[in-house]
Amino acid sequence: MSEWGGQQRAMGDHQPEAMLKKQKRRRGSRDDERSLMPARPAEHKRERVLYIACEGESTEPDYLDYLVKRFGSGERTGQPFRIVPVCKANGFLPQQVVEAVRQYAAKDETWALFDRDDHKRIPEAVEDAAADGTEVCFSHPSFDLWLLLHFQAFGGRQSGNSTNVVHKLRHADPAFKRFDKKNDKSVQGPRRQALEGRAKAAIAHAKSLVSQCEHGACKAGYHKATPVDRVSPENPDNLPQSPRKWAARSGHALDCKVLDRDPSTDVWRLLASLGIEDD
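Reading the sequence shown from the start, the letters are residues 1 to 279 in our numbering.
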């Protein structure tokens, strides 16, 4: 073999190695540059604000506060939210609930929580809510039913009387043993702890009440969870809506009268709207 041929092979053996080292240095430089670039900030979803008026002065506001503390950060639901309760000492009547939240938040998202109890002007309250898009969470016979559904299913007409519901709630968990005794209807401390991890069961039990409604054509799957935009002219659900259509947003049939939904509670729809499915 000639000396020249040997030199060619020698150069051929070393040249790729030199080029490889140079390419490695170049790639390393680009990698270093990329590593020095600041990370893109995480995208934060806008906080959702809900104004919710409550008939009661203790139980409902306490429960709403519980929802905010447990789910409001958005880590579980995908969007942070804040609830501004609208309530007063000695509570509101159903129509007053709707009027109070409308005055408090004319254009923001509004909800009204009220019970059947022995009130006689429930249909008028629903009509007022439908007029300006205030979402309704109606409970028959009372909000206490929603608490009970965290622990067990329930059925049977109550005719606006909460005695049976409260009795079962007191026996459902030791934390509620003295619920509604000496005017203690709070949802604090051990009672909140007792509710933890039970949202999925409560929602399922409440949905079952819709499907079991004596009307026969009510289905929880027909419910509307997305709030209506109260101010946008492009809103597909143009306001005002008919009271029948508004009352049907929980999945009840259009001709299912609100006062005939015994027992029932629409609070689960608030949780569905917030993205709370399980905890």
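Beta carbons are placed, not taken as given, at the ideal position from N, Cα and C, and that holds for glycine. Keep in mind the model is a prediction, meaning the values are calculated, not measured.
Determine, using beta carbons only, whether Val-228 and Lys-107 come nearer to each other than 8 Å.
Numbered from its first residue, the sequence shown carries residue 228 at position 228. Numbered from its first residue, the sequence shown carries residue 107 at position 107. Taking 8 Å as the cut-off, the beta carbon of Val-228 is found no closer than this to the beta carbon of Lys-107.
Burial state of Arg-191, where buried means 16 or more other Cβ atoms lie within 10 Å
The residue labelled residue 191 in the question sits at position 191 within the sequence shown. Arg-191 is buried by the Cβ-count criterion.
Give me the DSSP bridge partner(s) of Thr-77.
Your numbering for residue 77 matches position 77 in the sequence shown. In DSSP, Thr-77 forms no bridge with anything.
Separation of Asp-180 from Glu-305, as counted between CA atoms:
Examination of residue 305 is not possible in this model, given that the chain is present from 1 through 279 alone.
Could you please give the first and the last residue of the uninterrupted beta strand (DSSP E) stretch that includes Arg-48?
Along the sequence shown, read from residue 1 onward, the residue named residue 48 stands at position 48. First-last of the beta strand (DSSP E) with Arg-48: 48 to 54.
Output needed for Ala-125: all residues of its chain with C-beta closer than 6 Å, excluding positions within five of it in sequence on either side, in chain order.
Working through the sequence shown from its first residue, we reach residue 125 at position 125. If we look at Ala-125 and ignore the five residues flanking it on each side, its Cβ neighbours are Pro-94, Gln-95 and Val-98.
Nearest-angstrom Cα distance between Tyr-63 and Ala-100?
Translated into the one-based positions of the sequence shown, residue 63 becomes position 63. Translated into the one-based positions of the sequence shown, residue 100 becomes position 100. Distance between the alpha carbons of Tyr-63 and Ala-100: 19 Å.
Distance check for Leu-169 and Phe-176, CA to CA, integer angstroms please.
Residue mapping note: residue 176 aligns to position 176 of the sequence shown, counting from 1. Residue mapping note: residue 169 aligns to position 169 of the sequence shown, counting from 1. Roughly 6 Å separates the two Cα atoms.
Tell me the rounded alpha-carbon separation between Gln-212 and Thr-59.
The residue given as residue 212 occupies position 212 in the sequence shown. The residue given as residue 59 occupies position 59 in the sequence shown. C-alpha separation (whole angstroms): 26 Å.
Alpha helix (DSSP H) segment containing Ser-139, residue limits
Residue mapping note: residue 139 aligns to position 139 of the sequence shown, counting from 1. Unbroken run through Ser-139 is the beta strand (DSSP E), 135 to 140; no alpha helix (DSSP H).
Please report the straight-line C-alpha distance between Gln-158 and Asn-183, rounded to a whole angstrom.
Start at 1 with the first residue of the sequence shown, and residue 158 comes out as number 158. Start at 1 with the first residue of the sequence shown, and residue 183 comes out as number 183. Their backbone Cα atoms lie some 22 Å apart in a straight line.
Using CA atoms only, rank isn't needed, just tell me which of Thr-226, Phe-81, Glu-135 and Cys-218 is closest to Lys-45.
As a position in the sequence shown, residue 45 is number 45, starting the count at 1. Comparing Cα-Cα distances from Lys-45 to each of Thr-226, Phe-81, Glu-135 and Cys-218, the minimum goes to Phe-81.
Drop a sphere of 10 angstroms on the beta-carbon of His-223, count the other beta-carbons inside from all chains shown, and report buried for 16 or more, exposed for fewer.
In the sequence shown, residue 223 corresponds to position 223, counting from 1. When all chains shown are included, His-223 counts as buried.
Check whether the region 108 to 121 touches the region 241 to 255, counting contact only when three or more Cβ pairs, one atom from each stretch, lie closer than 8 Å.
no
For Cys-54 versus Cys-87, is the C-beta distance shorter than 8 Å?
Sequence index remark: in the sequence shown, residue 54 carries index 54 (1-based). Sequence index remark: in the sequence shown, residue 87 carries index 87 (1-based). Closer than 8 Å, so yes.
Which runs of the alpha helix (DSSP H) spanning at least 4 residues fall entirely within the region 88 to 137, listed in chain order?
94 to 104 and 122 to 132
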